[in-house]
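Chains as they are written, first to last, in our numbering: chain S, 5 to 192; chain E, 5 to 192. The beta-carbon is built from N, C-alpha and C at its ideal position, and this holds for glycine as well.
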DNA sequence: AGAAATATGTCAATATGGCTGACGTAAACG
DNA sequence: CGTTTACGTCAGCCATATTGACATATTTCT
């Protein structure tokens, strides 16, 4: 699956004897420590992620931006002075795709570009005040949801969630993601 | 943020005295039980989700399908006999958008339609054998990743992850999502 | 110095997956 | 019988991504 929305549900009009267990169950089966099918986590991950990014989507839409802009502002804010090539590598999109989004952000004073000091071919990217403010607001929004969730859950949840999410990442990428996170987060 | 990819990182060419903590930190701050900034979870959620859906994306691409098809096959498989209107409500897209995807799936024998028994205006949706097999494979793929992650983490992780993810969902939607999950999962 | 590689930008065409508005048809409902 | 409902479809638009080709500056290598 990929982003999905909820709201209403399939009805089951006249209790047509279809209420019980159904397909997709054998495939799910148990997977992990207890005897609960992983399909639960599959769908929860979906809905959780949908609402998680939904917060930002709204704010962005009001500015005429989309998720692509969010990604750029977020990463540039987290890694000031990153090069265009670095951003492309992190986002894994083509420079043509980045081009439009970056241009819009630069034109609207969310992102600044500076030629590299040692290599003037490089365009080092920085958030302008507007971009920093936007990034701050977006992080605050998403932080709020996470804080609420953590508060609702037990005290060990943060650690567990952090570990679980990290384990969900491709093993090959994990080291880089950890580096990306800790580096920007001020990890020394 | 929204879906992002990792791989290389911003370089920091000549140790220009930029290695330390940087912006976006004050905004992150602590949020929850311990003193760790939520921004870690924000980014982990991203990368985890990216790889999570990436599994399916590959398989789908080989069939010429996209995420839209995945959603349809997944939900129809989980809720056999659901109506088009139900699917629209769950996916929260327009019927025009669903139309194309559904037509492709029907034309290629992944999904079957049957007129409703009591209300013949309804088109009840069922997975055809090919669709069931595809849904099974996709769930298996994602289950594998989850199982691996749970195995890597402690025994309590499943419970904690389940709770955390559920708490990340909008409070208003939570009951419906739980219903959606448990109903299809064989909840009586 | 000159050639090659690198970092970036840009033009053009294409695909996917959303959207809105308008209209049509069959069936149920009152 | 008229209205509403469930669904489908035509037509056009938008955002985001893609590929391929090519341009321009600048650095690096020989």
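Close Cβ partners of residue i (< 6 angstroms) along its chain, the five nearest in sequence each way excluded
| i | result |
| --- | --- |
| residue 68 of chain S | none |
| residue 113 of chain E | 132, 134 |
| residue 103 of chain E | none |
| residue 173 of chain E | 181 |
| residue 118 of chain E | 128 |
Where residue i sits in the DSSP three-state scheme
| i | result |
| --- | --- |
| residue 153 of chain E | helix |
| residue 33 of chain S | Unreliable positioning characterises residue 33 of chain S in this predicted model, as indicated by a pLDDT of 40, which lies under 50. The coordinate reading is nonetheless provided below. Reduced to three states, the DSSP call for residue 33 of chain S is coil. |
| residue 41 of chain S | strand |
| residue 87 of chain E | strand |
| residue 99 of chain E | helix |
| residue 185 of chain E | helix |
| residue 173 of chain E | coil |
| residue 121 of chain E | coil |
| residue 12 of chain S | Because residue 12 of chain S sits at a pLDDT of 34, beneath the cut-off of 50, its placement in the model cannot be relied upon, and the point is left open. |
Per-residue contacts from residue i into chain E (C-beta, under 8 angstroms)
| i | result |
| --- | --- |
| residue 134 of chain S | None at all; the shortest Cβ gap to chain E is about 14 angstroms. |
| residue 65 of chain S | Within chain E, no residue comes near residue 65 of chain S; the closest Cβ sits about 12 angstroms away, beyond 8 angstroms. |
| residue 108 of chain S | The premise fails here: residue 108 of chain S is roughly 16 angstroms from chain E at the closest Cβ pair, so nothing lies under 8 angstroms. |
| residue 88 of chain S | The contacting residues do not exist; residue 88 of chain S stays about 10 angstroms from chain E at best. |
Chain S residues whose Cβ lies nearer than 7 angstroms to that of residue i
| i | result |
| --- | --- |
| residue 174 of chain E | 55 |
| residue 69 of chain E | Residues of chain S passing the Cβ test: none, with the nearest at roughly 11 angstroms. |
Chain S contact residues for residue i, given Cβ-Cβ distances below 9 angstroms
| i | result |
| --- | --- |
| residue 119 of chain E | Result: empty, since nearest Cβ-Cβ is about 13 angstroms, beyond 9 angstroms. |
Contact set between residue i and chain E, taken where Cβ atoms lie within less than 7 angstroms
| i | result |
| --- | --- |
| residue 156 of chain S | 171 |
| residue 146 of chain S | 46 |
Selection from the options that minimises the alpha carbon distance to residue i
| i | options | result |
| --- | --- | --- |
| residue 57 of chain S | S:74, S:41, S:102 | S:74 |
| residue 78 of chain S | S:173, S:139, S:164 | S:139 |
| residue 81 of chain E | E:105, E:154, E:131, E:163 | E:131 |
| residue 87 of chain E | E:168, E:124, E:66 | E:124 |
| residue 156 of chain E | S:147, S:170, S:162, S:144 | S:170 |
| residue 92 of chain E | E:128, E:122, E:121, E:153 | E:128 |
Cross-chain neighbours of residue i in chain S, by beta carbon under 8 angstroms
| i | result |
| --- | --- |
| residue 99 of chain E | Ordered by position in chain S, no residue passes the 8 angstroms Cβ test against residue 99 of chain E, which lies about 14 angstroms from the chain. |
| residue 149 of chain E | 172 |
| residue 103 of chain E | Near residue 103 of chain E there are no residues of chain S at all, since even the closest Cβ is about 17 angstroms away, more than 8 angstroms. |
Sequence-distant residues of its chain with Cβ nearer than 8 angstroms to residue i (five each side left out)
| i | result |
| --- | --- |
| residue 115 of chain E | 76, 77, 80, 106, 109, 129, 130, 131, 132, 135 |
Residues near residue i by beta carbon distance below 7 angstroms, same chain, minus five either side
| i | result |
| --- | --- |
| residue 149 of chain E | 56, 59 |
| residue 162 of chain E | 154 |
Q: Ignoring anything shorter than 3 residues or poking outside the stretch 124 to 171 of chain E, list the beta strand (DSSP E) runs there in chain order.
A: 127 to 131
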